[in-house]
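K.L.:
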Amino acid sequence: MYSKKTRLAAVAIGSMAALALTACAPAASTPGPAAPTSVSDDVAAAGDVTLKLSDFWTSAEEEWIVSLIDQFEEKYPNVTIDRTREDWGQLTSTLNLQLQDEGGPDIASANNGWSSLGTLAKAGLVLNLDAYADLYDWNDSVPTTIARQNQFTTDFATIGEGSWFATPPARASLIGIYYNAAKLKELGIEAPATLDELESAAAAAKDAGEIPFSYSGLDGNTAALLGLQSLYGAEADINDFVYGDPDVKAEDTGLTDAATTLEDWNHKGWLTPDFEGIDYQTSLADFLDGDGVFRFDYTGALGLSGDQLDQFGYIQLPQAADDTTVGVGAAPGAMVISAKAEHPDVAAAFLDFLMSEDASQTAVDLGLVPMLNEVTIPDVLSQSGEAAATATLDADDGYVPYFDWASPTMLDILTQNTQLLLAGKTTPEDLTAAVDADRDAFLAQ
Amino acid sequence: MLLPRKRRRGSHANRRTRRVGLLFAAPGLLLYAAVVLWPLLQSLQYSFYKWDGFSSATWVGFQNYVNFFTDPVLRSTLGNVLVLLVFFAILPIALGLLSAAMITSSNRRGMAVFRWIFFLPQVLTSVVIALIFKRMYAPEGPINEALRAVGLGELAQNWLGDFTWALPAVGLIGTWVTFGFCMVLFIAGASSISPELYEAARMDGAGPVREFFAVTLPGLRGQLAVALTLTITAALRAFDLIWITTRGGPGTSTLTPAVALYKAAFVNPNVGQAAAIGVVMAILCLVIALVITRISEKE
Numbered sequence: 021m022y023s024k025k026t027r028l029a030a031v032a033i034g035s036m037a038a039l040a041l042t043a044c045a046p047a048a049s050t051p052g053p054a055a056p057t058s059v060s061d062d063v064a065a066a067g068d069v070t071l072k073l074s075d076f077w078t079s080a081e082e083e084w085i086v087s088l089i090d091q092f093e094e095k096y097p098n099v100t101i102d103r104t105r106e107d108w109g110q111l112t113s114t115l116n117l118q119l120q121d122e123g124g125p126d127i128a129s130a131n132n133g134w135s136s137l138g139t140l141a142k143a144g145l146v147l148n149l150d151a152y153a154d155l156y157d158w159n160d161s162v163p164t165t166i167a168r169q170n171q172f173t174t175d176f177a178t179i180g181e182g183s184w185f186a187t188p189p190a191r192a193s194l195i196g197i198y199y200n201a202a203k204l205k206e207l208g209i210e211a212p213a214t215l216d217e218l219e220s221a222a223a224a225a226k227d228a229g230e231i232p233f234s235y236s237g238l239d240g241n242t243a244a245l246l247g248l249q250s251l252y253g254a255e256a257d258i259n260d261f262v263y264g265d266p267d268v269k270a271e272d273t274g275l276t277d278a279a280t281t282l283e284d285w286n287h288k289g290w291l292t293p294d295f296e297g298i299d300y301q302t303s304l305a306d307f308l309d310g311d312g313v314f315r316f317d318y319t320g321a322l323g324l325s326g327d328q329l330d331q332f333g334y335i336q337l338p339q340a341a342d343d344t345t346v347g348v349g350a351a352p353g354a355m356v357i358s359a360k361a362e363h364p365d366v367a368a369a370f371l372d373f374l375m376s377e378d379a380s381q382t383a384v385d386l387g388l389v390p391m392l393n394e395v396t397i398p399d400v401l402s403q404s405g406e407a408a409a410t411a412t413l414d415a416d417d418g419y420v421p422y423f424d425w426a427s428p429t430m431l432d433i434l435t436q437n438t439q440l441l442l443a444g445k446t447t448p449e450d451l452t453a454a455v456d457a458d459r460d461a462f463l464a465q
Numbered sequence: 230m231l232l233p234r235k236r237r238r239g240s241h242a243n244r245r246t247r248r249v250g251l252l253f254a255a256p257g258l259l260l261y262a263a264v265v266l267w268p269l270l271q272s273l274q275y276s277f278y279k280w281d282g283f284s285s286a287t288w289v290g291f292q293n294y295v296n297f298f299t300d301p302v303l304r305s306t307l308g309n310v311l312v313l314l315v316f317f318a319i320l321p322i323a324l325g326l327l328s329a330a331m332i333t334s335s336n337r338r339g340m341a342v343f344r345w346i347f348f349l350p351q352v353l354t355s356v357v358i359a360l361i362f363k364r365m366y367a368p369e370g371p372i373n374e375a376l377r378a379v380g381l382g383e384l385a386q387n388w389l390g391d392f393t394w395a396l397p398a399v400g401l402i403g404t405w406v407t408f409g410f411c412m413v414l415f416i417a418g419a420s421s422i423s424p425e426l427y428e429a430a431r432m433d434g435a436g437p438v439r440e441f442f443a444v445t446l447p448g449l450r451g452q453l454a455v456a457l458t459l460t461i462t463a464a465l466r467a468f469d470l471i472w473i474t475t476r477g478g479p480g481t482s483t484l485t486p487a488v489a490l491y492k493a494a495f496v497n498p499n500v501g502q503a504a505a506i507g508v509v510m511a512i513l514c515l516v517i518a519l520v521i522t523r524i525s526e527k528e
C-alpha cells in the first residue's frame with residue numbers, strides 16, 4: 021500500500037518535473053507575417069471572392085453592418101460577404117483560435133488595446149495594414165487620436181504609434197452626459213455648456229427634490245469618473261499615459277481632480293440614493309423612466325429609439341480650464357484582416373468602405389453616433405447632441421482612449437477603487453496612486 | 230510487500246480476466262485521459278509560464294504561485310473563502326443536524342413539505358438563485374422593505390454594495406443553497422440508525438440533547454464526511470453566485486479565488502496566473518477531501 025503511494029507520488033513529481041523542464045512553452049513564438057507590399061484597390065478585377073466576416077454587433081449596430089454589406093455587394097457584384105455574428109465575450113476570447121484556423125474569418129471585429137488587438141497583432145494573426153493606409157490615405161482622413169488606437173510598433177513594445185493593424189468603422193462610442201430634457205425644462209434650466217453650469221444645474225435639481233446624477237455602483241461604474249477626467253486632463257497626457265509613456269503619471273491625466281469631483285458630488289448627495297446596491301442595468305432603466313436629471317454614459321448604451329430620441333439630450337462639455345473639448349471616444353471595434361486571408365486587397369477595400377461617408381450616414385440614419393465624416397443629422401435632440409460632439413472632437417482631434425486600455429487589469433483597478441472612494445475608504449490621491457502602481461507593474465514586464 | 234505475493238499467486242486465467250477487463254475499460258479510460266488528465270497536466274504546465282493565451286510564453290517558475298500568496302488582492306481571496314466556509318459549510322451543517330434531530334425525534338405531519346421547501350434550491354440553477362437574491366437584497370427590495378415595515382428601518386442596508394455586509398450577504402445565499410442538501414442527507418442517515426440505540430439511550434435516562442450527541446451524531450459520521458467535503462469544496466469553488474451578484478465587489482470584498490481565476494483566464498489574459506490559482510484550488514480540494522475521509526474512517 022505504502023509503496024504504491026510512493027510510486028504514485030514519484031510518477032506525479034516526475035511528470036511535473038518533466039513538464040516543467042523539458043516541455044516547450046505553451047505557444048510557440050511566430051514572427052508576424054510580412055506586410056503586403058503589392059496592393060491594389062481594384063476590387064472588380066479580383067474575380068469572384070467570398071469573404072468571411074465575424075463581428076459582435078447586435079440590434080442597430082447589426083442593421084448598420086448588414087446594410088453596409090449589402091451596399092458593398094451591390095457596388096461589387098463579384099464579392100460576397102458571409103457574415104457571422106458572435107457574442108462579444110465569445111468572439112474576443114476565441115478570436116485567436118479562429119484566426120489560426122484555415123477556415124477562420126477573413127475580417128473580424130476585435131477589441132482595442134492590449135487585451136485583444138495588441139495580442140493578436142503580436143502573435144502575427146492579423147495583417148499589418150500600412151500599405152493599405154498609404155493606398156487609401158487613412159493617415160490623412162482619420163484623426164490621429166483615433167488612428168493611434170489601431171497602431172502598434174512592429175516590435176510590439178508600444179501601442180499607439182507605428183503600423184496600422186486595424187481600422188475604425190465610421191461610428192463612435194463616446195462618454196458624455198445625457199440629460200432628461202423634460203426635467204431640465206421643469207427646473208427652468210438650459211442644457212449646461214460648462215462644468216460650472218452643470219454643477220449649478222445639479223444643485224438646483226437637488227433643491228427641487230430630483231436626483232441630479234443617475235449612478236450605480238454595484239457592478240462597477242467608470243463612465244462618470246472617465247467622463248470627468250476628460251474635463252481636467254490634457255488630451256496628449258491621457259493618450260500618452262494609456263499608450264505607455266512612463267514619463268506621464270496618472271496625476272498628470274486629471275484623474276485626481278475627477279475623483280475629487282465625483283467624491284464631492286457624492287458628499288453633496290447628488291448621486292442616486294443607495295447607488296452602492298444598484299446595478300448598471302437597473303439604474304439605466306430608472307433613468308429612462310425619469311429617475312435622475314443627468315447621467316454619464318457611453319453613447320449607444322441608452323438604446324434610445326422613437327420618442328426617446330427627443331426626450332434625452334447629449335452634452336460633451338468643454339474642459340474645465342479652457343474651451344477645448346476632450347472626450348473619451350473610440351470606434352466601437354477594431355476591424356482586422358486575418359493573416360490567412362486569401363484576398364487581402366478585397367478585405368482592405370471593405371474596411372475602407374466601413375470608414376466611408378456612406379458608412380457614417382448609414383450609422384446616423386440608424387440612430388447611431390457617426391464618426392470621421394460630415395453627415396446630415398436627423399433633427400432629434402439626442403442625435404444632434406451626439407453628432408455635434410463627434411464633429412467637435414473630430415475637429416479638435418480631441419479623442420482620448422478608454423483609460424482602462426492602459427493595462428489589462430486597469431478596469432478592475434478603476435472599478436474597485438471607485439467603489440472604495442465612494443465608500444470613503446480611499447482618497448482621490450490613493451486612487452491615482454493605485455492606478456500608477458498597476459500600470460507601472462504592467463510596463464515593467 | 231503484500232501485493233506482489235498475492236499477484237504471483239494469481240493464475241493465468243485471472244491475469245487474462247484482468248486484461249479483458251482493462252480492454253473493456255480502455256475507451257472510457259482514454260476518454261478520461263483526453264478530457265481530464267491531459268488538460269490537468271496542461272494547466273500544471275501553464276502555471277509555470279507567463280502567457281497571455283496568444284503569443285509566446287515565458288518561463289517564470291513558481292512566480293505565479295508566489296503571486297497568489299503575496300499579491301494583496303489575490304491573497305485576500307483566501308481570507309474571503311474562510312468567511313464563506315462558515316456560511317457554505319458550518320452553518321448549513323449545523324442547521325441540517327438540528328433539523329434532522331427535530332424531524333427524527335418527532336415525526337409530525339407536514340414535515341415532507343418542510344423538507345421539500347428546503348430542498349428546493351437543489352433543483353434550481355445557481356443563476357436563478359443569484360438573480361432572485363439580487364432582487365431581494367436590492368436597496369428597495371423585499372428584505373429592506375420588510376425591515377422598514379416592522380420598524381427596523383435602521384437596519385436596512387445596501388446588502389450587496391456595502392463593504393461590511395456584502396460577503397455575509399453572499400454567504401447567506403450559499404447557506405440557503407447547501408442547507409437543504411445537508412438536511413436531506415442527515416435525515417436519510419438518521420433514519421438508518423437502529424431504533425434500539427435510541428431505546429437504549431432512553432433507558433439510560435438520556436434526554437433529547439444527550440440522545441443527539443450520544444446516538445444521532447456518531448451515527449451520522451459518514452454523512453457528515455460527505456456533507457463537509459461537498460460544502461467545503463463548494464465554498465472554495467464559489468463563483469457563480471458571486472459573479473452574478475457582486476462581481477467580487479465592492480472593492481475586492483467578495484472576491485474569491487474562482488472569480489480571480491476567471492478574470493485572469495478570460496478577462497485580463499494571464500493564463501499562467503489563472504492556471505496557478507486553479508492548481509492551488511485543486512490541491513486544496515484534494516487535501517480537504519483526503520483529510521476528511523481519513524478522519525471519518527478512523528476506528
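Same order as they appear, the protein sequences are chains S and V.
Be aware that the first sequence starts at 21, since it is given in our numbering, and climbs by one per residue.
Be aware that the second sequence starts at 230, since it is given in our numbering, and climbs by one per residue.
Here a beta-carbon is modelled for each residue, glycine too, at the ideal position from N, C-alpha and C.
All of these numbers come straight from a predicted model, not from anything done at the bench.
#1: Return the residue from the list 415(V), 369(V) and 358(V) that minimises the CA-CA distance to residue 399(V).
#2: List, in chain order, every chain S residue whose beta-carbon is nearer than 9 Å to that of residue 475(V).
#3: Please name the residue, chosen from 97(S), 299(S), 320(S) and 128(S), that lies closest to residue 367(S) on a Cα-to-Cα basis.
#4: Going along the chain, which unbroken runs of the beta strand (DSSP E) with 3 or more residues stay wholly within the stretch 349-395 of chain S?
#5: What is the DSSP secondary structure of residue 263(S), reduced to helix, strand or coil?
#6: For a test of the three-state rule: what should DSSP assign to residue 247(S), helix, strand or coil?
#7: Would you kindly report the start and end of the unbroken alpha helix (DSSP H) that includes residue 248(V)?
#8: In three-state DSSP terms, what is residue 279(S)?
#9: Given a limit of 7 Å on CB to CB distance, which residues of the stretch 69-101 of chain S reach chain V?
#10: Is it the case that the Cβ atoms of residue 354(S) and residue 186(S) are separated by a distance below 7 Å?
#11: Buried or exposed: where does residue 72(S) fall if 16 or more other Cβ atoms within 10 Å of its Cβ makes it buried?
#12: May I ask you to list, following chain order, the residues of the stretch 440-463 of chain V that have a beta carbon less than 9 Å from some beta carbon of chain S?
#13: Cβ of residue 479(V) less than 7 Å from any chain S Cβ?
#14: Rounded to whole angstroms, how far is the Cβ of residue 386(S) from the Cβ of residue 214(S), which I believe are closer than 8 Å?
#15: List, in chain order, every chain V residue whose beta-carbon is nearer than 8 Å to that of residue 14(S).
#16: In the DSSP output, which residue or residues are listed as bridge partners for residue 69(S)?
#17: Among residues of its own chain, excluding the 5 on either side of residue 273(S), which ones have a beta-carbon nearer than 7 Å to its beta-carbon?
#18: Specify the secondary structure class of residue 301(S) as computed by DSSP and reduced to three states.
#19: Give a yes or no on whether the minimum CB-CB distance between residue 142(S) and chain V is below 7 Å.
#20: Going by DSSP, what residue range makes up the alpha helix (DSSP H) through residue 176(V)?
#21: By the DSSP assignment, the alpha helix (DSSP H) with residue 129(S) in it spans what residues?
#22: Please tell me whether residue 428(S) has its Cβ less than 7 Å away from any Cβ of chain V.
#23: Work out the CA separation of residue 205(S) and residue 233(S) for me, nearest whole Å.
#24: What residues from the stretch 280-313 of chain V come within 9 Å of chain S, judged by C-beta to C-beta, listed N to C?
#25: Using a cut-off of 8 Å between C-beta atoms, extract the partners of residue 495(V) located in chain S.
#26: Can you pull the chain S residues whose beta carbon is under 9 Å from the beta carbon of residue 388(V), in chain order?
#27: Please classify residue 84(S) as buried or exposed, where buried requires at least 16 other C-beta atoms within 10 Å of its C-beta.
#28: Could you name the residues of chain V that residue 244(S) contacts, counting a contact when the two beta carbons are closer than 9 Å?
#29: Here's the rule: buried if 16 or more other CB atoms are within 10 angstroms of the residue's CB, otherwise exposed. What is residue 523(V)?
#30: Could you check the C-alpha separation between residue 330(S) and residue 322(S) for me, to the nearest Å?
#31: Give a yes or no on whether the minimum CB-CB distance between residue 301(S) and chain V is below 7 Å.
P.N.:
By the coordinates alone:
#1: 358(V)
#2: 238 and 239
#3: 128(S)
#4: 354-357
#5: coil
#6: helix
#7: 241-261
#8: helix
#9: none
#10: yes
#11: buried
#12: none
#13: yes
#14: About 32 Å; that fails the 8 Å criterion.
#15: Nothing in the structure corresponds to residue 14(S), since chain S is present only between 21 and 465.
#16: 99(S)
#17: 249, 253, 257, 258 and 261
#18: helix
#19: yes
#20: Here chain V has residues from 230 to 528 only, and residue 176(V) is not among them.
#21: Not the alpha helix (DSSP H): residue 129(S) falls in the beta strand (DSSP E), residues 127-130.
#22: yes
#23: 16 Å
#24: 280, 281, 282, 283, 284, 285, 286, 287, 288, 290 and 302
#25: 109 and 113
#26: 297
#27: buried
#28: The contacting residues do not exist; residue 244(S) stays about 16 Å from chain V at best.
#29: exposed
#30: 13 Å
#31: no
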